[in-house]
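> I'd like to ask some things about the structure below.
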Amino acid sequence: MRKYIVQVCLYTRYFWQVALDNLGMLLYTVVLPLVFLVLNLKSAFFKPLSMQQFIGTVMPFIAWIIFSNVLMVIADVAMLREQGYLKQYVSLVVNPSVFLVSKMLVSGGLLVVILGLVGAVSGIVFHLPIFGIVWRLWAVLLLVALPVLGYCLPILSLPIRYKSLNAVVNTLMIVVMIGSAAIENSTHLAVTTVWLNMLSPIYLVMNTFNLLTTAQWGAFWPAYVATLVVMGLIGTYSYRHLRLLPTEGL
Amino acid sequence: MQIRQLKYTFPKAQQPFFDGLNFDLVAHQVNFLIGQNGAGKTTLADILLGLRPAQGEITPQGSSIYLNQKLPMLAATRVCDVAQLVLGVATGQLRLSLTDLAERADAPTVAFLTPLWHRHYGDLSGGERKLVQLLLFLQVDRDLVVLDEPTAFVDRQHVATLFTVIREHPQRTYLLITHDVRDVTAFKQCQVLWLADRQIKATWTAEQFADHANDSEFLQAFKTI
């Protein structure tokens, strides 16, 4: 176990160094969500929002940030695979989850910063308590990270070529975002709906934030536990069928 | 290492690619695997490393390490970062200084890496980048070391450094895929395996290879061009 932890530490540090080495890209990653927040919600700025209005207005956007970042972690690992990196470096590590966990830790660190900034800005422009928003967003991140990872992991078990990866990732993102918005607009189902939490990470994020606002554990548990179990199973199955060899040349 | 009745079928293929493949790798020695492009050398290496599920017997099953034909691009970190990653992951050491490197690595590797230690990996030439990864991986102790065309795109002086490092660790079994006869002739003691028609068509010692292996157009070209 100690060896595993050391390897995760080393890989996390390495991926951090890679991220910090390209400072422009790092700033872009951190600032872009704020730019989108301003562009999408500027009409609602400087008007007081209740927490429930915040969930309906801003949380889908937060859900997109979390989902897209986890999806990019998976896409990055798939890119490493297609470059032959996994095939070569897997002989060094205890098991391939070292790459995944390290990438997730780096992405998690970035998300803590991004959500902190988005929470602070939201607190100011929507007249909400900044600390109350920020701790809830961080708690949401903690609670949804594993189920969302399970949601994205099947990508690594599929034979997707380097050139197709971006198309697959973008398509999945569009389907989840537009699909969730369409369901929301046409049905107005509650965020605690069990099957919606399993189908859409957007609903899962909104439901989790809703819990931290209303403290209605009874409404939250069924959807969250069902999602955690189903996504856990999907994630475990996908990890067991993880592809280490590049798809080109198979 | 004994490989017996090896059978492998590519995903979605109807017919097996390898069927009833038998050969031995000489322990604690360099084994060269030669063959035409597309003969299945990398596929065979993948199977030996357990990266492709195959039927048959591979004994004994030991630890192994592999270096790609085309080494993966590393992002723009410094050589010392790459060294810390590779050697740290292998040894469990979180920090690695040049002094630590001198204690852990063999002399030719230390001599090669020291002047490059603080340089950005991306600023090195293609050959230097390849050698950095090759030499670092060769500091990791494994029973079987598989190098897929390690000398391609590397100048002969750097190849000499690579082979010196290999000789520094004679306790390992090496499998080197190559298209360059100079690699074979660099080792007085080695085994050459010729993969053709999805079989190990011939096995030679270094001497036998030099004297007798001329019985095909491929081998004549391999040895002369």
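From first to last, the protein sequence lines stand for chains A and B.
According to full-length UniProt numbering, the first sequence is numbered sequentially starting from 1.
According to full-length UniProt numbering, the second sequence is numbered sequentially starting from 1.
Yeah, the Cβ is synthetic: ideal placement off N, Cα and C, and Gly gets one too.
Keep in mind that this is a model prediction, so the values were computed, not measured.
1. Give every residue of the same chain whose Cβ lies closer than 6 Å to the Cβ of B/D19, excluding the five residues on either side of it in the sequence, and list them in chain order.
2. Kindly provide the ranges of any alpha helix (DSSP H) runs that are 4 or more residues long and lie completely inside the region 21-51 of chain B, ordered along the chain.
3. Relative to the alpha-carbon of residue 258 of chain A, which residue among A/V134, A/W64, A/V70 and A/L242 has its alpha-carbon at the smallest distance?
4. Compile a chain-ordered list of the residues in the region 93-108 of chain B whose CB is closer than 9 Å to at least one CB of chain A.
5. Look at the alpha carbon of A/L143 and the alpha carbon of A/L156, and state the distance between them as a whole number of angstroms.
6. Got a sec: does the ligand MG put a non-hydrogen atom nearer than 7 Å to the Cβ of A/L242?
7. Taking the alpha-carbon positions, what's the A/K47 to A/N40 distance?
8. Who pairs with B/D19 in a beta bridge, going by DSSP?
9. Name, going along the chain, the residues of the region 107-130 of chain B whose beta-carbon falls closer than 7 Å to a beta-carbon of chain A.
10. Please report how far the alpha carbon of B/A206 lies from the alpha carbon of B/F163, in whole angstroms.
11. Assign B/I3 to buried or exposed, taking buried as 16 or more other Cβ atoms, counted over all protein chains shown, within 10 Å of its Cβ.
12. Is the beta carbon of B/I65 closer than 8 Å to that of B/V140?
13. Quick one: which unbroken alpha helix (DSSP H) runs of 4-plus residues sit fully inside the region 86-120 of chain B? Chain order, please.
14. How many Å lie between A/M25 and B/A196 at the Cα?
15. What ranges does the alpha helix (DSSP H) occupy inside the region 181-237 of chain A, keeping only unbroken runs of at least 4 residues that lie completely in it?
16. Count the CB pairs spanning the region 22-29 of chain B and the region 116-123 of chain A that are closer than 8 Å, and state whether there are at least three.
17. Looking at A/K87: is its Cβ nearer than 8 Å to the Cβ of B/N37?
18. Check distances from the C-beta atoms of the region 101-126 of chain A to those of chain B and list, in chain order, the residues that come in under 9 Å.
19. Per DSSP, which one or two residues make a beta bridge with B/Q55?
20. Which residues mark the beginning and the end of the beta strand (DSSP E) in which B/V192 is found?
21. Spell out the partners DSSP gives B/D148 in its beta bridges.
22. Which value, in whole angstroms, describes the spacing of the CA atoms of A/V18 and A/K103?
23. Near A/N210, what residues of its chain come up, given a Cβ to Cβ distance below 6 Å and the 5 sequence neighbours on each side ignored?
24. Just the C-alpha distance for A/C152 and A/N166, rounded to the nearest angstrom, thanks.
25. Taking the alpha carbon of B/R142 as the reference point, which residue from A/L92, A/F126, A/F36 and A/N22 has its own alpha carbon closest?
26. Comparing alpha-carbon positions, which option in B/A90, B/T91 and B/R95 lies nearest B/D81?
27. Measure from the alpha carbon of A/E248 to the alpha carbon of each residue in A/M231, A/S238, A/M198 and A/R161, then state which is nearest.
28. Kindly indicate if chain A contains any beta-carbon less than 8 Å away from that of B/D46.
29. Less than 6 Å between C-beta atoms, sequence neighbours within five positions excluded: which residues of the same chain meet that for B/V145?
30. Mapping the DSSP letters down to three states, classify A/I65 as helix, strand or coil.
31. From the DSSP secondary-structure annotation, give me the bridge partner or partners of B/W204.
32. Using only the alpha-carbon positions, how far apart do B/I200 and A/V30 sit?
33. Within the 8 Å Cβ cut-off, does B/D143 reach chain A?
34. For A/Y28, would you say it is in contact with chain B, using Cβ-to-Cβ distances shorter than 8 Å as the test?
35. When you compare only the Cα positions, how much space is there between A/G132 and A/L233?
36. Let me check understanding here. Comparing Cα to Cα, which of A/M51, A/L34, A/P246 and A/Q83 lies closest to A/W64?
Considering the structure as presented:
1. K7
2. 41-48
3. The displayed coordinates of chain A run from 1 to 250. Any statement about residue 258 of chain A would go beyond what the structure contains.
4. Q93 and L94
5. 22 Å
6. For the ligand MG, the structure offers nothing, since it holds no ligand at all.
7. 15 Å
8. B/K7
9. none
10. 16 Å
11. buried
12. yes
13. 98-104 and 107-113
14. 48 Å
15. 194-199 and 201-214
16. no
17. no
18. none
19. B/K7
20. C190 to A196
21. B/I177
22. 11 Å
23. I55 and V191
24. 14 Å
25. A/L92
26. B/R95
27. A/R161
28. yes
29. I65, R172 and Y174
30. helix
31. B/V192
32. 55 Å
33. no
34. no
35. 33 Å
36. A/L34
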